[in-house]
Amino acid sequence: MAPSKGPRGPSWVHENPYLTIGWEETSESGSPSLKHSAMRQTLSDQSILTPELFANVPWTIAKYLWDCLGKSKKRTFYMWKLLVTAYPSQYREISRYRLMKIEGPRMPMRDYLNQIKSDTLHWGVALTLFTSFASVPELVEIANVKNLVALELNTSSELENFSNETYLPMTALNDRIVRTWSDLAASGAFAHLRVVRISHQKQVSPVILRFLRSFPSLRLLVICDCPNVARLYRKSSKAIEGWQPVDIPIDDDDSDAAHDKLYGCYRASFTDNEDTKAPDVPILSFQIGREMRRSTNTPSFDTIYLVRRGHPEQQGTSEPAAKRQKVPGKHSRATMREHKGRNLDSVLQEFL
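Residue numbers for the sequence shown follow the UniProt record's numbering, so the first one is 1 and each next one is one higher.
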């Protein structure tokens, strides 16, 4: 974890690193203790703290500092990442989930992606992104987030009203982007991604069902208001390209899962009869953008839950080939494998 580069760096665009002026400057017994004074001095400016500074600090002291940050309402995202990194075993016991919403982005998307990365996998990321705030190359760069465990791409943003008035170009997910991700997945990207939720995407076609099979850990695909894909399952409950429609129960007893759709889907992706268990790391649920407010008279959108049957290398499907004529055949897979060695830099050049 890199230092924050001071209070004006990307880490502090939405939060303040300074302890609140006047907070517990004195104690009820008079002069503050040495421990209390040391705590205030340590937490006076979080931007100068790094995990390395805590290398020889006992966990009991670090927990005391975290408790003090809770009392002062200064538990910043930066400090959460720092303690997760410095105390991976102990900290996960007191903070297994964190939700952060950036409803009004103030930085380029790349800066936000850099903030949520953990190449050492100290935490997992469930990323909800309203694509109106990202360019096509930035969508491709999501592949750089190694600790991504769940991803939602949504075009329903309040920016849509502004865009309609100003002719601001809108970014939406399309087949080409998903195919590029598929290509990168063959080179090691998206290694831990279990859930993809695609909402209000009118440009994607059924071809993405085949592309997404290249994601090694992907188990649950959620389709919401994507008519080109949803129509395949409207009159059939059969698996198509290995994706089987199912009912997914969300654990209402888990308050975090009940109020966070993407995180709830991630938790639900680990079934009781599956050998794989949820990684024992905290999950950061990170949202960029805000969903457009809708009238109470607006009809709800159908949501389809698809689980993957079989493994990426298996080409079989429950649907006859004649019914899959709009989905590329095996020759497309061969083309993807030919590009297995490509890296993200070369791929991005195609979008510039």
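For each residue, glycine too, the CB sits at the ideal point set by N, CA and C. These figures come from a predicted structure and were not determined experimentally.
Give me the residue from the options with the minimum Cα distance to residue i.
i	options	result
aspartate 260	Ile304, Gln41, Ile283	Ile283
alanine 172	Ala191, Pro137, Ala185	Pro137
cysteine 224	Trp12, Leu306, Ala55, Tyr263	Leu306
leucine 151	Asn144, Ala126, Phe130	Ala126
leucine 99	Glu291, Trp66, Phe286	Phe286
asparagine 56	Tyr87, Ala230, Pro108	Tyr87
arginine 92	Ser205, Val281, Arg308	Val281
proline 17	Lys35, Asp111, Thr42	Thr42
glutamine 90	Lys63, Gln115, Cys68	Lys63
isoleucine 304	His200, Thr20, Glu141, Val140	His200
tryptophan 181	Thr128, Trp66, Asn174, Val140	Val140
alanine 239	Leu148, Thr50, Gly310, Ser118	Gly310
arginine 221	Ile48, Arg197, Ser205	At residue 221 the sequence reads leucine, which differs from the arginine that was named. Nearest of Ile48, Arg197, Ser205 to leucine 221, Cα basis: Arg197.
serine 187	Ala268, Ile102, Val204, Lys146	Lys146
serine 205	Ala185, Gly9, Cys226	Cys226
serine 135	Thr120, Pro108, Asp45, Val195	Pro108
glutamine 60	Lys35, Ser72, Ile48, Thr50	Position check: residue 60 holds threonine in this sequence, whereas glutamine was assumed. Among Lys35, Ser72, Ile48, Thr50, the Cα nearest to that of threonine 60 belongs to Lys35.
alanine 268	Leu69, Ser33, Ala185, Val195	Val195
tyrosine 266	His122, Met39, Thr128	Thr128
glycine 70	Asn228, Ala38, Trp23, Pro51	Trp23
residue 354	Tyr112, Asp45, Trp243	This structure cannot speak to residue 354, because the chain is shown only from 1 to 352.
serine 118	Lys101, Asn144, Lys74, Asp67	Asn144
isoleucine 94	Lys101, Asp111, Trp66	Trp66
isoleucine 288	Ala189, Arg308, Asn228, Ile116	Ile116
By the three-class DSSP mapping on this structure, what secondary structure does residue i have?
i	result
glutamate 319	Model confidence at glutamate 319 stands at a pLDDT of 45, short of 50, so the residue's coordinates are unreliable and nothing is read from them.
serine 205	coil
methionine 100	strand
residue 353	Missing from the structure shown is residue 353; the chain here goes from 1 to 352 and no further.
alanine 143	helix
glycine 329	Because the pLDDT of glycine 329 is 42, which lies under 50, any placement of that residue in the model is unreliable, and the question is left without a value.
cysteine 224	strand
tyrosine 305	strand
proline 245	strand
phenylalanine 270	coil
tyrosine 87	coil
serine 11	helix
valine 196	strand
threonine 20	coil
glutamate 291	strand
leucine 153	strand
asparagine 164	Low confidence applies here, because asparagine 164 scores a pLDDT of 41, under 50, leaving its location unreliable and the question unanswered by this model.
leucine 121	coil
leucine 262	helix
histidine 218	The question names histidine, but residue 218 is leucine in the sequence shown. DSSP places leucine 218 in coil when its eight states are reduced to three.
leucine 148	strand
leucine 49	coil
phenylalanine 54	helix
arginine 324	Low per-residue confidence applies at arginine 324: pLDDT is 43, beneath 50, and the placement is therefore not dependable enough to give any value.
arginine 106	coil
alanine 189	coil
arginine 92	coil
lysine 74	coil
alanine 230	helix
How is the beta strand (DSSP E) around residue i delimited, first residue to last?
i	result
alanine 126	124-130
isoleucine 283	283-288
Below 8 Å on the Cβ atoms is my contact criterion, and I expect residue i with residue j to pass it. Report the Cβ-Cβ distance as a whole number of Å.
i	j	result
leucine 193	phenylalanine 215	6 Å
residue 358	arginine 210	In the structure as shown, the chain starts at 1 and stops at 352, and residue 358 therefore has no counterpart that could be examined.
aspartate 183	alanine 230	With a Cβ gap of about 25 Å, aspartate 183 and alanine 230 do not count as contacting.
phenylalanine 130	asparagine 154	5 Å
glycine 124	valine 149	4 Å
Can you find the residues in the same chain that come closer than 7 Å, C-beta to C-beta, to residue i, ignoring five residues on each side of it along the sequence?
i	result
lysine 277	Phe270
phenylalanine 54	Ala62, Ala86
glutamine 203	Ala172, Leu173, Asn174
serine 217	Ala191, His192, Leu193, Arg194
serine 49	A quick correction: the sequence has leucine, not serine, at residue 49. Cβ neighbours of leucine 49 beyond the five flanking positions: Leu82.
Please confirm if residue i has its CB atom under 8 Å from at least one CB of chain D.
i	result
isoleucine 283	Annotation note: the requested chain D is absent from the structure, which comprises a single protein chain.
Identify the continuous alpha helix (DSSP H) that holds residue i and give its terminal residues.
i	result
valine 137	The sequence shown places proline at residue 137, rather than the valine named in the question. Taken as a continuous stretch (DSSP letters only), the alpha helix (DSSP H) holding proline 137 covers 136-140.
threonine 42	34-43
arginine 179	175-185
isoleucine 116	109-116
leucine 69	59-71
Within 7 Å: the Cβ of residue i and any heavy atom of the ligand FMN?
i	result
proline 206	Because no ligand of any kind appears in the structure shown, any question about the ligand FMN cannot be addressed here.
Which same chain residues, not among the five before or five after residue i, have their C-beta less than 8 Å away from its C-beta?
i	result
arginine 106	Val13, His14
lysine 235	none
arginine 110	Glu138, Glu141
Keeping to the same chain, check which residues put their C-beta closer than 6 Å to that of residue i; ignore five residues upstream and five downstream.
i	result
glycine 178	It is valine, not glycine, that sits at residue 178 in the sequence shown. Correct list, in chain order: Ile208, Phe211.
residue 433	Residue 433 falls outside the range modelled here, since the chain spans only 1 to 352, and no answer is possible.
cysteine 68	Met39
leucine 121	Asn147
alanine 185	Ser214, Phe215
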